[in-house]
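Line by line, the protein sequences give chains G and F. If you use the UniProt record's numbering, the first sequence closes out at 314, no skipped numbers anywhere. If you use the UniProt record's numbering, the second sequence closes out at 314, no skipped numbers anywhere. Take a look at the structure below.
Number of protein chains: 2
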Amino acid sequence: MLPVFGHLNPDTDAIASALVYARLLSRQGIEARAYRLGTLNFETPFVLERAEMEAPPLLPALEPGTAVALVDHNERAQSAPNLEYLKVTRVVDHHKLGDLTTMQPAFLRFEPVGCTATLLLKLHREARLSVEKADAWLMLSAVLSDTLHFRSPTTTPDDREAVAFLAPIAGVRDVTAYALEMFAAKSDLGDTPAAELLKMDYKVFPFGDPIRPQRWGLGVIETTNPGYVFGRQAELLAAMQDARAADGLDGVLLGVVDILNETNRMLVPGEAEAAVVQAAFGTPTANSVADLGDRISRKKQIVPALEKHFETHS
Amino acid sequence: MLPVFGHLNPDTDAIASALVYARLLSRQGIEARAYRLGTLNFETPFVLERAEMEAPPLLPALEPGTAVALVDHNERAQSAPNLEYLKVTRVVDHHKLGDLTTMQPAFLRFEPVGCTATLLLKLHREARLSVEKADAWLMLSAVLSDTLHFRSPTTTPDDREAVAFLAPIAGVRDVTAYALEMFAAKSDLGDTPAAELLKMDYKVFPFGDPIRPQRWGLGVIETTNPGYVFGRQAELLAAMQDARAADGLDGVLLGVVDILNETNRMLVPGEAEAAVVQAAFGTPTANSVADLGDRISRKKQIVPALEKHFETHS
Chain G
1 MLPVFGHLNP DTDAIASALV YARLLSRQGI EARAYRLGTL NFETPFVLER
51 AEMEAPPLLP ALEPGTAVAL VDHNERAQSA PNLEYLKVTR VVDHHKLGDL
101 TTMQPAFLRF EPVGCTATLL LKLHREARLS VEKADAWLML SAVLSDTLHF
151 RSPTTTPDDR EAVAFLAPIA GVRDVTAYAL EMFAAKSDLG DTPAAELLKM
201 DYKVFPFGDP IRPQRWGLGV IETTNPGYVF GRQAELLAAM QDARAADGLD
251 GVLLGVVDIL NETNRMLVPG EAEAAVVQAA FGTPTANSVA DLGDRISRKK
301 QIVPALEKHF ETHS
Chain F
1 MLPVFGHLNP DTDAIASALV YARLLSRQGI EARAYRLGTL NFETPFVLER
51 AEMEAPPLLP ALEPGTAVAL VDHNERAQSA PNLEYLKVTR VVDHHKLGDL
101 TTMQPAFLRF EPVGCTATLL LKLHREARLS VEKADAWLML SAVLSDTLHF
151 RSPTTTPDDR EAVAFLAPIA GVRDVTAYAL EMFAAKSDLG DTPAAELLKM
201 DYKVFPFGDP IRPQRWGLGV IETTNPGYVF GRQAELLAAM QDARAADGLD
251 GVLLGVVDIL NETNRMLVPG EAEAAVVQAA FGTPTANSVA DLGDRISRKK
301 QIVPALEKHF ETHS
């Protein structure tokens, strides 16, 4: 039974892609089961309910040498804690290739598209397998989520085609209305503790010298209600300082992305982070906030700028 | 113009896949050109002549940051000398994933099949593009070469299907006869200097500690005429000792694979290498030769055994 899982702090794509890929593999004769590496965000339960699917269970501890399949990530820092001792046999991902290696030839499918689910749809079509309704819901939701309904600069024609192909199978007539409902569910953060808000969509990235990299925690809150988030600014900044100390990081940043207006105002908890933000993005920090304008994609805009900065300043 | 190239010491798959992938990309609107990273072996000119194709030119020096596509390899030690400064945007390969990283999301297509050309045929079919006759020749020859006409344990059903699909397009009626002709061309080594014979199909692999790996040079001569090779044993052993010293390697091994009888007798130039061969394969060395029996695949049988050995002994 091949475990299939997405990244830590799972988003909708990480969960949906694990479920869909596990079922696809099972239909192809490879017994597989989806798992998750953490608590669901506020959007994914809404999606699962619409798809009439259960959340996958938490990944149990795996024996060294266990074969696993990764979706929507490939770097160790974003994966199972003992990934380097596991046998990665399959990866479907749309991120840059990081420190992954394999002990044997593996099945790797990476394309620079907006969402892993877009690649999973391609795998169905290449294998000439029909798409089941629940899988269509999951993939459709993942594409809308990852691309912010095509607002993100990561969006490609393949993602748009995937949505056009999947919507009729899922039975979604008004994609725009469904995306807004999904984003509203995601934005209903209630009284979630600030430390959890920070880590809902959060990844640790190594930058600079590959042997002794700087390690930065980069969180994102994508919301239709940024006012709510900035209402809790002091709490969030304190949580970021705590995370920096507790996890031994060199810096922590939290982008607050206004989905509907396509803007990103970033919380910057300290002077060291503010200096890096100024150098990497040319953006000053005032009252612990840096206005990054329309740079809303962590993958395509935030991480590359930081990488470029640390290449010459680490 | 995207440069497309296979590994150093190119074999038929490295050359054929570069030519075929460059043409496929060009047909898909991405201007691409095939290059090679070294001298052709004795088999590839025979294949190119039958396909009525020219050999690709040597890869020129590329500016840092140039976008490139790799076929049939992914590790730095087997690639362009400044690979880490190039921008890898595409890889099609059937080897284990080594030290490759990318600066941005890239197109990666890896599957554990016997030959890169088998994956290129899949890319044609997925894109619903017809296969041109010359490309069919190249891919057919590459699959037969890499799998030793299905004798290698790396052979998969996909490779057999590829040959069955390609032979009629290439106009090859008797695949067995064509493969024998190709292997005979490869075995006609003439008066090639021993140092060149050693490096015709030769790769340097890092083993053990990833920070300070041992580096071993592993050559293979696949031949229908092993008697000729063992007639030059003394010269070859001297060339191996020279390569070890000149390239600062920890060891050099040369497998002599009898294609038709599916056996591998390995030349072992020193006591240190003999000790590793004994420990990794359980095989003694006598008169500088270790009989590895039917372990004819460097990728699937030789490298994994050495990896496993050095994991615990480096």
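Think of the CB as a built atom: it goes at the ideal place given N, C-alpha and C, for glycine as much as any other residue. Please read all numbers here as calculations on a predicted model, not as lab measurements.
- A contact is defined here as three or more CB-CB pairs under 8 Å, and the stretch 117-124 of chain G fails this definition with respect to the stretch 71-84 of chain F.
- One alpha carbon belongs to VAL256(F), the other to GLU262(F), and they sit about 10 Å apart.
- In the structure shown, LYS87(G) adopts extended strand secondary structure according to DSSP, grouped into three states.
- For VAL289(G), the secondary structure class from DSSP, reduced to helix, strand or coil, is strand.
- Counting C-beta atoms within 10 angstroms of its own C-beta, GLN28(F) has fewer than 16 neighbours from the protein chains shown and is therefore classed as exposed.
- Looking only at ILE15(G), PRO105(G) and GLU111(G), the smallest Cα-Cα distance to THR102(F) is reached by GLU111(G).
- Taking 7 Å as the upper bound on Cβ-Cβ separation, chain F lies near residues HIS94, HIS95, LYS96 and LEU97 of the stretch 83-97 of chain G.
- Looking from the CA of GLY6(G), the closest CA among GLU84(G), ARG36(G) and MET240(G) belongs to ARG36(G).
- Rounded to the nearest whole angstrom, the CA to CA distance from LEU120(F) to PRO60(G) is 38 Å.
- Residue pairing by DSSP places ARG23(G) opposite no residue, since no beta bridge is assigned to it.
- Using a C-beta cut-off of 8 Å, the stretch 48-68 of chain G makes contact with the stretch 81-95 of chain G, since at least three inter-stretch Cβ pairs fall below that distance.
- When the beta-carbon positions are compared, SER130(G) and ALA16(G) stay at least 8 Å from each other.
- Remark: C-beta atoms of PHE107(G) and ARG128(G) do not approach each other more closely than 8 Å.
- The C-beta distance from GLY114(G) to ASP146(G) rounds to 5 Å, short enough to fall under 8 Å.
- Taking a Cβ-Cβ threshold of 9 Å, the residues of chain F close to GLU111(G) are PRO105, ALA106, PHE107, LEU108 and ARG109, in chain order.
- A residue is called buried once 16 or more other Cβ atoms fall within 10 Å of its Cβ, and HIS94(F) is buried on that count.
- Closer than 7 Å at the C-beta level to chain F, one finds these residues of the stretch 111-128 of chain G: GLU111, PRO112 and GLU126.
- Two segments are said to touch when three or more pairs of C-beta atoms, one from each, lie closer than 8 Å; by this definition the stretch 33-47 of chain G does not touch the stretch 232-241 of chain G.
- When only Cα atoms are considered, LEU267(F) and ASP209(F) end up about 26 Å apart.
- At least 8 Å separates the beta-carbon of LEU144(F) from that of MET200(F).
- Within the DSSP bridge table, the entry for TRP216(F) names PHE205(F) and GLY251(F) as partners.
- With respect to chain G, the C-beta atom of LEU25(F) has no partner C-beta closer than 8 Å.
- Here the stretch 284-291 of chain G does not lie against the stretch 187-205 of chain G, with fewer than 3 beta-carbon pairs under 8 Å apart.
- ASP99(F) has a beta carbon lying within less than 8 Å of a beta carbon in chain G.
- By the rule that beta-carbons nearer than 8 Å mark a contact, PRO206(G) does not touch chain F.
- Membership of PRO157(G) in the alpha helix (DSSP H) is indicated by the continuous run 157-170.
- DSSP links GLU222(G) through a beta bridge to VAL257(G).
- Nearest C-alpha to ALA22(F) among LYS87(F), ASN9(F), VAL71(F) and THR39(F): VAL71(F).
- In terms of CA proximity to LEU254(G), ALA195(G) leads the group ALA195(G), HIS309(G) and GLY248(G).
- Counted as a single uninterrupted DSSP element, the beta strand (DSSP E) harbouring MET266(F) occupies residues 263-267.
- Listed in chain order, the beta strand (DSSP E) elements of length 3 or more contained wholly in the stretch 106-141 of chain F are 107-110.
- ASP93(G) is bridged by DSSP to PHE110(G).
- In this structure, VAL20(G) lies away from LEU166(G), with their beta-carbon atoms at least 8 Å apart.
- Under the DSSP definition of a beta bridge, VAL68(G) partners with VAL88(G).
- If you look at PRO3(F), you'll find it in the beta strand (DSSP E) that goes 2-8.
- With its beta carbon less than 8 Å from one in chain G, PRO304(F) belongs to the interface.
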